[in-house]
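Structure record follows, encoded as structure tokens.
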Amino acid sequence: MGAQASNDQFEKILSYIDIGKKEAAKVMTGGVRAELSGDLSSGYYIQPTIFQGNNEMRILQEEIFGPVVSTRASRISTTRSRSRTTRCMAWALACGPVMATSRIGGRAIEAGRVWPNCYHLYPAHAAFGGYKNSGIGRENHKMMLSHYQQTKNLLVSYSPKAMGFF
Numbered sequence: 006m007g008a009q010a011s012n013d014q015f016e017k018i019l020s021y022i023d024i025g026k027k028e029a030a031k032v033m034t035g036g037v038r039a040e041l042s043g044d045l046s047s048g049y050y051i052q053p054t055i056f057q058g059n060n061e062m063r064i065l066q067e068e069i070f071g072p073v074v075s076t077r078a079s080r081i082s083t084t085r086s087r088s089r090t091t092r093c094m095a096w097a098l099a100c101g102p103v104m105a106t107s108r109i110g111g112r113a114i115e116a117g118r119v120w121p122n123c124y125h126l127y128p129a130h131a132a133f134g135g136y137k138n139s140g141i142g143r144e145n146h147k148m149m150l151s152h153y154q155q156t157k158n159l160l161v162s163y164s165p166k167a168m169g170f171f
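The C-terminal position of the sequence shown is numbered 171 in our numbering, with every residue numbered one higher than the one before it.
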């Protein structure tokens, strides 16, 4: 796991770890600054951290963008419950649920990328981007070119005579 890019990002991640601990989320592993020897000891290293909590916790509601993963503590038993659970989230970049009815249940989840039963398995050209407050649109797919293009009709007459309403 590499260092964070800046002290600001480092401090932000540590503040989220503190928030998770205050919310009584269970720390499965990590949760502290990484203790390294030699020249690396002065870097912005954080141990990879896994929290277990519930959807009301801030660490499950917000995107941390660091070596921190938050997981649900309980099972979601039905597709309706799963859909309701993902609708309550303000951010929806990606979701990797383990489910028995992945073909049906995955469609109900409101997230930019959903990996039912196959987390992080996707082709390089698959469209990527979040729903709701997460991200701005999609990238990595040819259908995204339309965001950078405009349709225009240019109708030209090469006749020396005026045409149409002239």
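C-beta: ideal position from N, C-alpha, C; glycine also. All of these numbers come straight from a predicted model, not from anything done at the bench.
DSSP three-state call for residue i: helix, strand or coil?
| i | result |
| --- | --- |
| residue 114 | coil |
| residue 170 | coil |
| residue 133 | strand |
| residue 25 | helix |
| residue 172 | There is no way to answer for residue 172, as the model of the chain reaches only from 6 to 171. |
| residue 70 | coil |
| residue 139 | coil |
| residue 154 | coil |
Distance check for residue j and residue i, CA to CA, integer angstroms please.
| i | j | result |
| --- | --- | --- |
| residue 55 | residue 151 | 39 angstroms |
| residue 129 | residue 75 | 25 angstroms |
| residue 133 | residue 65 | 21 angstroms |
List the whole-angstrom C-beta distance separating residue i from residue j, where the pair is believed to meet the contact cut-off of C-beta under 8 angstroms.
| i | j | result |
| --- | --- | --- |
| residue 50 | residue 41 | 6 angstroms |
| residue 35 | residue 52 | 4 angstroms |
| residue 73 | residue 21 | 6 angstroms |
| residue 18 | residue 58 | Between residue 58 and residue 18 the Cβ distance is about 17 angstroms, and since that is not below 8 angstroms, they are no contact. |
| residue 68 | residue 139 | 6 angstroms |
| residue 116 | residue 98 | 7 angstroms |
Give me the residue from the options with the minimum Cα distance to residue i.
| i | options | result |
| --- | --- | --- |
| residue 47 | 29, 7, 164 and 104 | 7 |
| residue 33 | 104, 77 and 168 | 77 |
| residue 31 | 131, 62, 15 and 39 | 62 |
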